[in-house]
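So the sequence shown is numbered by the UniProt record's numbering: it starts at 1 and just counts up by one.
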Amino acid sequence: MSICTLPETPVSRTSDRVQVAVHVHDHVVASDLVPQLALSPELKITAGADREVADVALVFAEHVTDALVDELAMVSHRALNPSQRTVLVAGPLRERHLAQIFAAGVVAILPRKDITARQVAHALIATSHGRAVLPEKLTRWLADEIRFLQTNLLVTQGLAAGGLTTREVEVLKLIAQGDDTAQIAQQLNYSERTIKKIMQEIMSRLKLRNRAHAVSYALRVGAI
Numbered sequence: 001m002s003i004c005t006l007p008e009t010p011v012s013r014t015s016d017r018v019q020v021a022v023h024v025h026d027h028v029v030a031s032d033l034v035p036q037l038a039l040s041p042e043l044k045i046t047a048g049a050d051r052e053v054a055d056v057a058l059v060f061a062e063h064v065t066d067a068l069v070d071e072l073a074m075v076s077h078r079a080l081n082p083s084q085r086t087v088l089v090a091g092p093l094r095e096r097h098l099a100q101i102f103a104a105g106v107v108a109i110l111p112r113k114d115i116t117a118r119q120v121a122h123a124l125i126a127t128s129h130g131r132a133v134l135p136e137k138l139t140r141w142l143a144d145e146i147r148f149l150q151t152n153l154l155v156t157q158g159l160a161a162g163g164l165t166t167r168e169v170e171v172l173k174l175i176a177q178g179d180d181t182a183q184i185a186q187q188l189n190y191s192e193r194t195i196k197k198i199m200q201e202i203m204s205r206l207k208l209r210n211r212a213h214a215v216s217y218a219l220r221v222g223a224i
């Protein structure tokens, strides 16, 4: 499985080391990698109460099961550090577990087969810096899920991307084409007062300054 790894970030001071709380459900892989990770000058393996304030939780699992998903959720719940996220080193995943795994704070997933300490260290450092490390197949899955959300769930609720309603998108498209209020009202068979009210609602709800800002927002979120 191909994974995205990031360049190692040099850290010179002990206080800058990434604190890692290790949770072992796969002793075979963990027994090989954890001692190597402990030697890294960029990482500090924590123990006891320090695990709950660590920068990153590292979970080793041979299989992803319902019980493991529950454990991941508990790790996230117990964390006293609100920025703590989880790196999961595990065997093959089932699609039905993915949403729950991400909801439990997992932002990096590495395949246990042929994984190296260097790859795990890169993922830990990247995670502590707010980045994600995911296999290509999972990245594609996330993209497909977002596409499904936009094209199905939002549409059934009368919404477009960015939280805009279908009617608001129609108005913004015409504004982007250069039409004024009277022209938009005529084309959509609304009163000019209704068009002005729609624009006021958009700008108030989304904290936008003016019509140009509203059009820019709609373009940025892919609504028009």
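The beta carbon of each residue, even a glycine, is placed where N, CA and C say it ideally should be.
In the three-state scheme derived from DSSP, where H, G and I count as helix and E and B as strand, residue 85 is classed as strand.
In terms of Cβ geometry, residue 54 and residue 25 do not form a close pair [threshold 8 Å].
Under DSSP, no beta-bridge partner is assigned to residue 102. Listed in chain order, the beta strand (DSSP E) elements of length 3 or more contained wholly in the segment 174-223 amount to none.
Excluding the 5 residues flanking it on each side, residue 79 has same chain C-beta neighbours closer than 6 Å at 52, in chain order. The criterion of a C-beta distance shorter than 8 Å is satisfied by residue 175 and residue 215. Taking C-alpha positions only, residue 200 is separated from residue 212 by approximately 13 Å.
Counting along the chain, residue 125 sits inside the alpha helix (DSSP H) bounded by residues 117-128. With contacts defined by Cβ atoms closer than 8 Å, residue 87 and residue 124 form a contacting pair. Counting only unbroken stretches of 3 or more residues, the beta strand (DSSP E) elements lying wholly within the segment 20-62 are 43-46 and 56-61, in sequence order. The three-state secondary structure of residue 108, taken from DSSP, is strand. With a cutoff of 8 Å on beta-carbon distance, residue 168 and residue 202 are scored as near each other. Taking a contact as a CB-CB distance under 8 Å, the pair residue 128 and residue 105 does not count as one, their CB atoms being some 13 Å apart.
Looking at 112, 165, 118 and 204, the one whose alpha-carbon comes closest to that of residue 27 is 112.
Residue 58 is positioned such that its CB atom lies no closer than 8 Å to that of residue 117.
With contacts defined as CB atoms closer than 8 Å, residue 85 and residue 43 fail to qualify as a contacting pair. The beta carbon of residue 56 is closer than 8 Å to those of 18, 19, 20, 21, 84, 85, 86, 87, 124, 127 and 128 in its chain, skipping five residues each way along the sequence. With contacts defined as CB atoms closer than 8 Å, residue 224 and residue 188 fail to qualify as a contacting pair. The residue from 101, 94 and 90 with its alpha-carbon nearest to that of residue 74 is 101. In the structure shown, residue 65 falls within a coil segment according to DSSP collapsed to helix, strand and coil. Note: residue 18 is bridge-paired with 43 in the DSSP secondary-structure output.
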